[in-house]
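Please read the structure below before turning to the comments.
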Amino acid sequence: MSRSQIKDANATPPVKGILRHLKWEHLVAGVSGGAASTLLLHPLDLVKIRFQVNEGAATVGHVDRPEYRGIIHAFRSIQKNSGFSGLYQGVKPNVLGSASSWGLYFMFYNTIKTFMQDGDTKVDLGAGKHTLAASGAGLFTLVLTNPIWVVKTRLCLQYEATSTSFKSEKYYSGMADALFKIYKYEGVRGWYKGFLPGMFGISHGAIQFVCYEEMKTKYNNFQERPIDYRLNSAEYISFAALSKILAATITYPYQVVRSRLQDQHRNYNGIGDVIQKIYRYEGLWAFYKGLTPNLLRVTPACCITFVVYENIISLCLHKNK
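Structure (structure tokens):
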């Protein structure tokens, strides 16, 4: 056997090499941060989704869809018609989806990143490799969590049905009922509605994490500290907020398209049909419907998530040293 053959035989397979860097602490820290931010800010997410699917029609399909004149009016209308609990409609799948998404994303991202660094967290990967790590993490996370986001959107868009047949088929009593009925009437494809625009949404996480990582790295370099130096909460909040606002504004239109595809009250013939109809009947600015409540939600949510994550992961990894 030649020297090169011996070297190849002793080489660690790529998959095993990546899994060697997997740390469950990132999953736990991400789940904690995602759950905390979602519980606090779910009402803003509910309002955002309702703005996204608002086409200007009072009645859509078999339901009377409420019209909101603004964020405050939306909160008041929902509270008046459904009580305080109405503001938390769809909160269970949202907490599950957000917590699992953040947990999986942080775990996959840090696993891929550490693999690229060959275990040395002081190695600066640069924007290109950070983008690759974030994109890979986003794809894995989307495949595992898309059904949860479909259920969350459906539950957030439940209004009083005007048809009993519609109510029996597409009115959901809870998360498990929604998962069952979507599968029963729409098949596995129903669970993955909005998946393709979600693929475009991977760029959201990539932009956010690249900006976040690069800002931390440049800041630590400026302060003449190691790139993995632990920052204080105010610094984490600043970098998290700036990266989130930038990513959310650039990639927001895909969220509108995905919400329309997942809306049980409308049927579209794919992404192209959604984009064409939104632009034709509602104009270019319709792709940014709900942006204000979205930024009001995602910016503090991101700050909460990242601060909780960074502190928990620091505590967990410090204990293991």
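Residue numbers (the numbering used here): 90 to 410.
Note that beta-carbon positions come from the ideal geometry of N, C-alpha and C, so glycine has one too.
Host alpha helix (DSSP H) of residue i (start-end)
i	result
residue 365	360–371
residue 307	284–311
residue 330	322–351
residue 243	215–245
residue 212	Here residue 212 belongs to no alpha helix (DSSP H), and DSSP marks it neither H nor E.
residue 269	264–275
From the options, residue whose alpha carbon lies closest to that of residue i
i	options	result
residue 371	108, 140, 206	140
residue 263	291, 183, 360, 210	183
residue 321	399, 301, 244	399
residue 349	402, 285, 339, 127	285
residue 275	362, 351, 333, 325	351
residue 346	239, 112, 166	239
residue 54	365, 386, 295, 361	This structure gives no information on residue 54, because the portion of the chain shown stretches from 90 to 410.
residue 468	209, 267, 191, 373	For the chain, the structure presents residues 90 to 410; residue 468 sits outside this window and is missing.
Residues of its chain near residue i, where Cβ-Cβ distance is below 8 Å and the 5 sequence neighbours each way are ignored
i	result
residue 107	200, 201, 204
residue 272	279, 280
residue 197	225, 226, 229, 230
residue 319	399, 403
residue 301	328, 329, 332, 395
residue 177	131, 132, 135
Close beta carbons around residue i, own chain, < 7 Å, minus the five adjacent residues each side
i	result
residue 160	136, 381, 382
residue 343	286, 289, 290
Cut-off 6 Å between Cβ atoms - residues of its own chain near residue i, not counting five sequence neighbours on either side
i	result
residue 225	201
residue 298	223
residue 121	397, 401
Spatial distance of residue i from residue j (CA atoms)
i	j	result
residue 189	residue 114	13 Å
residue 397	residue 310	24 Å
residue 118	residue 293	21 Å
residue 332	residue 162	29 Å
residue 213	residue 237	35 Å
residue 186	residue 133	16 Å
residue 241	residue 180	7 Å
residue 247	residue 376	22 Å
residue 406	residue 128	26 Å
residue 164	residue 315	46 Å
residue 313	residue 358	54 Å
Closer than 6 Å: residue i CB and nearest the ligand ZN heavy atom
i	result
residue 264	Although the ligand ZN was asked about, the structure shown includes no ligands whatsoever.
Next item on the list: Return the chain-ordered ranges of every alpha helix (DSSP H) run that is complete within the stretch 123–209 and spans a minimum of 4 residues.
Entry: For the stretch 123–209, the full-length alpha helix (DSSP H) segments reaching 4 residues or more read 160–171, 180–205 along the chain.
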